[in-house]
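In the numbering used here, the protein residues as written are 114 to 738.
A quick write-up on the structure given underneath.
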Amino acid sequence: MSDRGVGAVGDAQVGGVAWGARDHAAVGLPVSFDLPVGGHLDALADLAAGAAYLEWRRYQHAAALHTDLVVPEEDCDERAVDAFAQCAARLATTLSVSQYVAERLLDNAVALRDRLPRVAECLRDGVVSPTFIRTIVSRTELIHGRPYQEQVDADIAAALRKPGSWSTARVRDLCDQMVYRRDPDAVRERRDDALKGRCFFTEAGLDGMATVGATMSAERAAVIARVVERLAAQVCRHDSRTKTARASDALFALVKHAPFGCDCARPECAFAVVDADEVAANAARIVIHVVTDTTTLTGPVPATTTPAEAAAEPAARAQTRGADTTAVAAEGVAVEEVVVEERTGDDVAAEETPAEAVAAETVSTDEGAANDGAAEEATDEVAVEAAAVEAGPESEHAPELVDGVGYIAGLGIVSGAHVRDLAADPATLIRPLGDGTDTPLPATQPADPYRPSAALNTYIRARDRYCTWPGCTRPAWDGDLDHITEYDHRNPERGGQTSACGLGAKCRFHHLLKTFGDFVDDQYPDPENPGRVIRTFTIPEGRTVLGPAYTGFDTHPGLDMIVFGDPPATGKNHPPAPGEPEPTRPAPRTEQKHARRRQERNRNRLRNNLNGVRPPEPDDAPPPF
């Protein structure tokens, strides 16, 4: 037996020379941790790229083991413990991990070698984080062995190399879009099999606990989650349970028709007893937002169809599907009820405003409203009119048919077949954004230039999909709309205006972080891609990170062609009239912060210009005081 690799007791078992004993300067690592904040962040960014490279090498070695040990025998190996299992066992023993973890490592390595070689190059170059690799591998299993797998690999790699940041949800959506549109028949068959395999299960746990679960369509799962969340929220702030514990109790109350209430035991509590059945009866007023193209609603098209032919009809529509699939048609076409609530700065919990079966949730819309002591909620669900999803570059092995995709808020990309199933439901309402003409849509509500119009509200959420803060996966429909440049209520024409380029989606946490912290974000039109925007986020120490690389524009390019009119120049607070003396009070702290942020945005734009990202000219408008 070979004793190669076996050393004396106390020696390193694997890896040769200990990493701590290596020459750090030789590999570009700081020799000391006594660094300024910017130095630590630079080092962490460099280490992230280095970790990606090391992960790529790990996959390369695992793939080489597979080539040596498995490939020669995989066509004829019928053993119970086959060559793949034995190869993974070698990895598991050497790395002291479980057999399952080793097989997962081997699966990823083989997938990167055979199915996704260009994605593997992105990992090698530090373009994609190692945490995203499993998502990419699992979401592209459907293309294995298909003639167009090289094209999908190239498309995903090209998207990953675009400037910008990624999150797990955006990577997942990218992969699903590339796969679903390539082979609609295979996707449909797979979804049919998944629907047939739906199930209900229970699993015993420790300490007298158990798990109850069920598999079902994504939209039904979303409806159940919303109903449970709504019931679980019917407690006062003195309730002792965690949010997840309340949700568990709420689910049991719904199934058992049992009472549910706050456990604070305070006599004056208004939530001592809540009728779970009444909450469930309002389920028909929960909606799910779906964005898609009109061409997707008509079915797959030949792969040779040009984008112009595919976009013959007005495209991208947003759909809303009622939670109660038995709702009558009259409810299915009802106009949503819109409720606008004023909130104090302390009340930051997002709420839903019930509406009819096709209504939209009310989600808060504000920019620096927390500074003014109020956070507004306003939405009026409309669909998105956009051009058809382009078929993309064709290869010699292009599929015969290509299909569009849809996006379900909070759930991600769904196939065209899934979208058509939803569209066929009588409770579904399809609304186009605009009238299909070139007439600009209104950007603001008639009586208040601070609040976005219903069309702009929906457009922003469909465009951004998720919170735009780098790495965040909170759905845009569950968050706020933020004025990127702070809105000047005294002189609206000078401050950040309510426009498509001036608004962005943020979750409540990142909205508050931007409002009260020293983080500066910016958003301006992309000179090379009219209709699209460039986003940047700058931390207090001055480091700037690009915003999301993948948005609704990439799935529904027709969003580029939607145009909004200019917002009104004045609002409720007017500047002093001619001859009227200017205010003599010193500028409030908030206005001073806004002025500093405008200056910082202009400096960032100049730096981006020097780096080859050409922004528009800096804003010449004076500060708001």
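By construction, the Cβ of each residue, glycine as well, lies at the ideal position given by its N, Cα and C atoms.
| Check | Outcome |
| --- | --- |
| Three-pair Cβ contact test at 8 angstroms for the stretch 552-563 versus the stretch 596-609 | yes |
| Residue(s) in a DSSP beta bridge with LEU659 | THR649 |
| Opening and closing residue of the alpha helix (DSSP H) in which HIS153 lies | 150-182 |
| Own chain partners of VAL441 with C-beta closer than 6 angstroms, once the 5 adjacent residues on each side are dropped | At VAL441, the pLDDT of 24 sits below 50, so the modelled position is not reliable and the matter cannot be decided from this model. |
| SER528 in three-state terms, based on DSSP | strand |
| Contained alpha helix (DSSP H) runs [length at least 4] in the stretch 175-229, N- to C-terminal order | 196-208, 212-227 |
| Burial state of PHE677, where buried means 16 or more other Cβ atoms lie within 10 Å | buried |
| CB contact flag (ALA556, ALA589, <8 angstroms) | no |
| Pairwise C-alpha distance: ASP577 and TYR663 | 9 angstroms |
| Own chain partners of ALA97 with C-beta closer than 8 angstroms, once the 5 adjacent residues on each side are dropped | Lying before the first or after the last residue shown, residue 97 is absent from the chain, which here runs from 114 to 738. |
| Sequence-distant residues of the same chain with beta carbon closer than 8 angstroms to GLY609, five excluded per side | GLU480, HIS596, ILE597, THR598, GLU599, TYR600, ASP601, GLY615 |
| Terminal residues of the beta strand (DSSP E) in which TYR637 lies | 633-638 |
| Close-in-space but distant-in-sequence residues of the same chain around GLY133 (CB under 8 angstroms, 5 per side omitted) | none |
| Residues of its chain near ARG81, where Cβ-Cβ distance is below 7 angstroms and the 5 sequence neighbours each way are ignored | There is simply no residue 81 to check, as the chain begins at 114 and stops at 738 in what is shown. |
| Residue range of the unbroken beta strand (DSSP E) whose run includes THR324 | 323-327 |
| Buried versus exposed call for ASP188 [16 or more other C-beta atoms within 10 Å across all chains shown] | exposed |
| Same chain only: Cβ atoms within 8 angstroms of ILE573, ignoring 5 sequence neighbours per side | PRO565, ALA589, LEU594, ALA613, LEU616, GLY617, ALA618 |
| Spatial distance of PRO372 from ARG354 (CA atoms) | 16 angstroms |
| Buried/exposed call for ASN221, threshold 16 Cβ in 10 Å | buried |
| CYS312 burial status per 10 Å Cβ neighbour count (16 or more: buried) | exposed |
| Sub-8 angstroms separation of ARG301 and ALA530 beta-carbons | yes |
| Assigned secondary structure, GLY671 (DSSP; H/G/I helix, E/B strand, else coil) | helix |
| Meets three-Cβ-pair contact criterion under 8 angstroms: the stretch 248-262 and the stretch 167-177 | no |
| Check whether LEU659 and GLY277 have beta carbons under 8 angstroms apart | yes |
| Alpha-carbon to alpha-carbon, ALA345 and LEU219 | 42 angstroms |
| According to DSSP, residues forming a beta bridge with LYS619 | ASP593 |
| Test item: CB-CB of ARG228 and HIS257 under 8 angstroms | yes |
| Nearest to LEU236 (by Cα), restricted to the options TYR293, GLY163, ASP296, ASP634 | GLY163 |
| CB of SER528 within 8 angstroms of CB of VAL515, strictly | no |
| Rounded separation between GLU391 and ARG192 - CA only | 58 angstroms |
| Opening and closing residue of the alpha helix (DSSP H) in which ASP286 lies | 281-293 |
| Nearest candidate by alpha-carbon position, reference ASP538, set ALA156, GLU641, ILE401 | ILE401 |
| For TYR261, the three-state DSSP class (helix, strand or coil) | coil |
| ALA156 beta carbon less than 8 angstroms from that of LEU167 | no |
| Residue environment, VAL223, which counts as buried when at least 16 other CB atoms sit within 10 Å | buried |
| GLY297 - containing alpha helix (DSSP H), residue span | The residue asked about is misnamed: residue 297 is Pro in this sequence, not Gly. Residues 297-309. |
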